[in-house]
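Participant: Input: one structure, supplied below.
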Amino acid sequence: MTDIDAAVLNFSPDSMLLLNGVLAIVMFAVALDITPNDFRALLRTPKPFLTGILSQFLVLPTLTFGLVLAVQPQGSVALGLILVAACPGGNISNYITHKAGGNAALAVSLTAFTTIGTVLFTPFNIAFWGSLYGPSRAFMTSIHIDPFQVAMTVCLMLILPLTLGMLVNRNLPELAWHLRRPLQKLSMLIFISFIVVALYGNWEFLGAFGPDIVPLVIAHNGIALFGGYMVATVAGLSPYDRRAISIETGIQNSGLGLILIFGFFHGLGGMAVVAAFWGIWHAVSGLALAKWFSRTEAAR
């Protein structure tokens, strides 16, 4: 895989702008489901929420670093895995949790909070874990990451549309009700279509490096889903909450990952290929897991 970093993926400034817009629309659509009551409920029963936060921001990066140490991939690939793990939960996770018969309200609240927390935790986790692995440390020293710029990118792409969506839901509930389902389905269709087109446009590179990257992405995603479920189990949570935390931990915002890769890492080939495959695979694995979970009703 030594040539993977020489690969220059077909990802123009126009593509970056389009991805930014798509990601903002997805977040706005998710926010139409969020109300202040969702956050108040967390104050009454905080244990599931705190467990989900622990799983997302501490357990997943730790498990990811363990995978990196076990497999010893080259630096850019390791950094791609670390960056994906440092991103917040993916927006599609709320839909998948609902389909899985899990606690959708918990999933929405975790998505909202981890999105806000990304301003602090994403730059920290990338810098901390990336610097602990020798081959990726070289990239961390050669590429300057401005935490403030990362925070501003997150604010514009995620927190602003999140706030706008919540305001629409609060002040224009009828409009939010009419927009909610069509916009969520449309936005996810656009996002998945964008990833598929991007994969097709870069098939030469993906075909060359896929046999090495795909098993690693599948293993990483499996560890995330299983790790989230086990953390919730050890915490003594109900199966209803376990499903939500498993999916929230295993479904990552790879769209944000791609934006950060092209915005701050100059489209580094190994990182970009990892994030692109994640963008497809986590949707496939998440929907498959939801189908399996939905065969039985989760005890609450």
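Residue numbers 3 to 302, in this note's numbering, belong to the letters of the sequence shown in order. Every residue gets a Cβ at the ideal spot worked out from N, C-alpha and C, and that includes glycine.
(1) Could you check the C-alpha separation between residue 214 and residue 169 for me, to the nearest Å?
(2) So, with DSSP's three-state summary, where would you put residue 254?
(3) Between the C-alpha atoms of residue 134 and residue 171, what's the straight-line distance to the nearest angstrom?
(4) Can you grab the Cα-Cα spacing for the pair residue 82 / residue 289, in whole Å?
(5) If distances are taken between C-alpha atoms only, which option among 221, 150 and 114 comes closest to residue 166?
(6) Write down the C-beta distance between residue 86 and residue 275 rounded to the nearest angstrom, noting that I regard them as a contact closer than 8 Å.
(7) CA-CA distance, residue 46 and residue 183?
(8) With a CB to CB cut of under 7 Å and the five nearest residues on each side skipped, what residues in its chain are close to residue 194?
(9) Ordered along the chain, which non-local residues of its own chain (more than five positions away) have a Cβ less than 6 Å from that of residue 160?
(10) Please state the DSSP three-state secondary structure of residue 82.
(11) Taking residue 57 and residue 251 to be in contact with their CB atoms under 8 Å, please state how far apart those CB atoms are, rounded to whole angstroms.
(12) Please classify residue 209: does DSSP put it in a helix, a strand, or coil?
(13) In chain order, what residues of the same chain lie with their CB nearer than 6 Å to the CB of residue 61, ignoring the 5 residues before and after it?
(14) Which whole-angstrom value describes the C-beta separation of residue 141 and residue 270, a residue pair presumed to lie in contact below a C-beta threshold of 8 Å?
(15) If you compare alpha carbons, which of 155, 35 and 94 is closest to residue 22?
(16) DSSP state of residue 92, grouped into three classes?
(17) Once you ignore the five residues that flank residue 119 on each side, which residues in its own chain have a CB closer than 8 Å to its CB?
Facilitator: To lay it out plainly:
(1) When rounded, the distance between both Cα atoms is 45 Å.
(2) Assigned with DSSP and collapsed to three states, residue 254 falls in strand.
(3) A straight line joining the alpha-carbon of residue 134 with that of residue 171 spans about 43 Å.
(4) Taking the CA atoms as reference points, residue 82 sits about 23 Å from residue 289.
(5) Of the candidates 221, 150 and 114, the one whose C-alpha sits nearest the C-alpha of residue 166 is 114.
(6) A Cβ-Cβ distance of about 12 Å is found for the pair residue 86 and residue 275, leaving them out of contact under the 8 Å criterion.
(7) When rounded, the separation of the alpha-carbon atoms in residue 46 and residue 183 is 29 Å.
(8) Excluding residues within five positions, the ones whose Cβ falls inside 7 Å are 285.
(9) If the five residues before and after residue 160 are omitted, its C-beta is found closer than 6 Å to the C-beta atoms of 29 and 117, all from its own chain and listed in chain order.
(10) Three-state result, residue 82: helix.
(11) Confirmed, Cβ separation roughly 5 Å.
(12) Helix, per DSSP.
(13) 229 and 233.
(14) Contact between residue 141 and residue 270 holds: their C-beta atoms lie close to 7 Å from each other, under 8 Å.
(15) When the alpha-carbon of residue 22 is set against those of 155, 35 and 94, the nearest one is in 155.
(16) Looking at residue 92 - three-state DSSP - the assignment turns out to be coil, as it is neither helix nor strand.
(17) Cβ within range, chain order: 55, 59 and 90.
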